[in-house]
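This report refers to the structure that appears directly beneath it.
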Amino acid sequence: MDHFLYRNGALHAEDVPVAVIAAAVGTPFYVYSTATLTRHYHLFTEALAPLPNLVCFAIKSLSNVAVLKTLGDLGAGMDVVSGGEYLRAKAAGVPGERIVFSGVGKTREEMRLALEGGIRQFNVEGEPELRALSEVAAGLGRTAPITIRVNPDVDARTHEKIATGKKENKFGIPIERASAVYAEAAALPGIEVIGIDVHIGSQLTELEPFEQAYLKVADLTRRLRSEGHDIRRLDLGGGLGIPYTRSNEAPPLPTDYGALIKRTVGDLGCEIEIEPGRLISGNAGLLVASVIYVKNGEGRDFLILDAAMNDLVRPSMYGAHHDIIPVIEPAPGTAPHPYDVVGPVCETGDTFAKGRPVAPLREGDLVAFRSAGAYGAVMASEYNTRPLVPEVLVKGDQFAVIRARPSFDEILKRDTIPSWLE
Ligand code: LLP
């Protein structure tokens with residue numbers, strides 16, 4: 000459920016007509032709903048209660064500081080994967096003790112930043128990283144709390160580019176090697192082993208892969224405890240999928256997921272962390288665009304929008320589907336027309352959808368891409384020197400620009416001419 004609905008024939012973001020935002024901000028832009036973000040965050044906290052838990056929002060899915068502050072003020076933790084994301088969490092006022100640091104290639108500078116600024120735990124992904132963290136922490140006279148990310152060799156049955164839990168993937172340590180790596184970690188200076196981490200992939204639409212992975216984590220918890228480790232926290236990753244089409248998709252709900260967590264690891268007395276991104280942010284955002292032209296092609300009609308692959312790359316990158324709806328609600332009984340929906344970028348890959356039935360549209364009409372909150376703005380680029388797409392946050396009847404569209408001046412000023420060209 001989200002808060003982008005038609006009212007009196009006009010698409011609203013909560014209580015604000017999307018067309019009003021478009022008039023104020025210009026297109027394209029992303030718009031996020033506070034009520035949807037809040038609701039989705041609470042679905043997880045409710046699903047995990049009464050287990051002691053922290054829901055750490057995966058910042059990579061949507062990292063605007065205003066969004067992070069919205070969630071952080073509710074008590075959410077944050078899952079970060081870079082020094083930049085760590086600084087975003089801090090800028091949103093989230094204390095270090097609610098920030099977990101994931102990622103397969105943390106640099107020593109990033110480790111130092113987090114150790115000095117405060118961190119709940121590092122999710123360590125391999126032995127070289129473990130040794131580097133030990134050196135950095137010991138050098139600072141600090142102790143780094145860690146979990147080790149294990150790779151359970153489970154097929155997440157999702158798009159191959161976002162599956163992470165198979166042994167051929169770059170993530171974590173093979174679960175069979177866990178005893179040896181935990182023993183090494185326990186002996187290293189500056190390291191305190193506190194738990195286990197697992198994350199098997201993103202946009203999972205079945206619970207079964209989670210179940211397989213979490214049962215392996217439960218076994219591992221018992222084994223590591225018998226080997227003398229104080230395993231008291233389990234980070235179970237993110238990955239719960241969302242429906243991208245209104246019609247037939249019904250991925251498992253957070254309540255089912257919570258019940259599964261209780262069933263598989265609930266009796267271990269561990270504090271539970273999860274790192275959902277998409278389920279919190281995905282359906283909390285729209286990308287709004289205008290129709291530049293409707294062009295009749297060879298046996299097809301092109302809807303040429305002012306949004307492009309640089310603004311929302313998921314369709315070209317993963318073949319992902321996003322529902323595309325007009326901002327003015329079509330009159331009942333309007334027959335949809337099949338369009339190839341494309342952007343202005345100079346490559347054929349800049350195609351959002353082919354033969355997509357949408358109500359007939361004309362130049363200047365507004366359309367919205369649904370479910371664009373996650374991995375939308377964060378993956379945007381300035382390809383074709385198209386200014387980075389702005390972001391707007393709505394709360395009730397209020398809206399605010401939370402990232403402005405840069406001017407061409409600002410963009411051009413970032414390039415500098417070397418002395419030999421002057
Ligand atoms: N934790 C870790 C360690 C992760 O790598 C990820 C996502 C998450 C949590 C959050 O997963 P979520 O709950 O959002 O599924 N750009 C791709 C998705 C990449 C996901 C990367 N890791 C897309 O647009 O589908």
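Under numbering that gives the first Met the number 0, the first residue of the sequence shown carries the number 0, and numbering increases by one thereafter. Each residue gets a CB set at the ideal place from its N, CA and C atoms; glycine is no exception.
Annotation for proline 51: Glu270 place their beta carbon closer than 6 Å to its own, counting only its chain and skipping 5 residues before and after. It is roughly 16 Å from the alpha-carbon of glutamate 108 to the alpha-carbon of glycine 140. When Ala22, His2 and Thr26 are compared, the shortest CA-CA separation from leucine 387 is found for Thr26. Taking 8 Å as the cut-off, the beta carbon of asparagine 63 is found closer than this to the beta carbon of glutamate 390.
Taking the Cα of isoleucine 98 as reference, the smallest distance to any Cα among Lys105, Phe398, Tyr85 and Ser225 is reached at Tyr85. If only uninterrupted alpha helix (DSSP H) runs of at least 4 residues are considered, those enclosed by the segment 110 to 157 are 126 to 139. The C-beta distance from leucine 53 to glutamate 272 rounds to 5 Å, short enough to meet the 8 Å contact threshold. Sorting Leu420, Val341 and Ala182 by C-alpha distance to the C-alpha of isoleucine 291 places Val341 at the top. In the three-state DSSP reduction, serine 280 falls in the helix class (H, G or I). Proximity to glycine 296 across Lys353, Val344, Val287 and Tyr374 peaks at Lys353, based on C-alpha coordinates. Closest option to glutamate 191, judged by alpha-carbon separation, among Ala136, Gly125 and Glu45: Ala136.
In its chain, beyond the 5 residues on either side, Ser133, Ala136, Ala137, Arg141, Thr142 and Ala143 have a beta carbon closer than 7 Å to the beta carbon of glycine 189. Around the beta carbon of phenylalanine 100, 16 or more other beta carbons sit within 10 angstroms, so the residue counts as buried. Not a single heavy atom of ligand 1 lies less than 7 Å from the C-beta of glutamine 120. A Cβ-Cβ contact shorter than 8 Å links isoleucine 260 with tyrosine 213.
Distance between alanine 379 and phenylalanine 398, taken at the CA atoms: about 22 Å. One thing to note: phenylalanine 3 has its Cβ within 8 Å of the Cβ of alanine 12. Unbroken beta strand (DSSP E) runs of no fewer than 3 residues, entirely contained in the segment 195 to 248, are found at 232 to 234, following chain order.
Residue environment for valine 19: exposed (fewer than 16 other C-beta atoms within 10 angstroms of its C-beta). Secondary structure note for histidine 11: its beta strand (DSSP E) is the uninterrupted segment 9 to 12. In this model, proline 331 and arginine 245 are separated by some 18 Å (Cα to Cα). Listed in chain order, the non-local C-beta contacts of glycine 237 below 6 Å within the same chain comprise Ala57, Glu274, Pro275 and Gly276, local neighbours out to five positions each way being set aside. Straight-line measurement puts the Cα of serine 315 at about 6 Å from the Cα of glycine 348. Taking C-beta atoms as the reference points, arginine 38 and leucine 67 fail to come closer than 8 Å. Residue Phe351 holds the alpha-carbon nearest to the alpha-carbon of glycine 375 among Leu302, Phe351 and Lys294. Across the set Leu42, Asn7, Ala21 and Thr157, the C-alpha of Leu42 shows the shortest separation from the C-alpha of serine 280.
Placement of the Cβ of glutamate 274 at a distance of less than 7 Å from at least one heavy atom of ligand 1 is found.
Taking non-hydrogen atoms of ligand 1 into account, the C-beta of leucine 278 is found less than 7 Å away from one of them. Rounded to the nearest angstrom, the gap between the Cα atoms of valine 366 and aspartate 322 is 10 Å.
In the DSSP assignment, no residue is bridged to isoleucine 410.
Look at glycine 237: its beta carbon is less than 7 Å from one of the heavy atoms in ligand 1. Around alanine 162, the same chain offers Ala155 and Gly200 as residues with beta carbons nearer than 6 Å, after the five sequence neighbours per side are excluded.
When distances are taken from the beta-carbon of methionine 308 to the heavy atoms of ligand 1, even the shortest one reaches 7 Å or more. At a cut-off of 7 Å, the beta-carbon of aspartate 78 counts as near ligand 1: some heavy atom of the ligand is closer than that. Under DSSP, leucine 392 takes part in a beta bridge, and its partners are Tyr31 and Ala399. In the DSSP assignment, the residues bridged to isoleucine 303 are Tyr292 and Val341.
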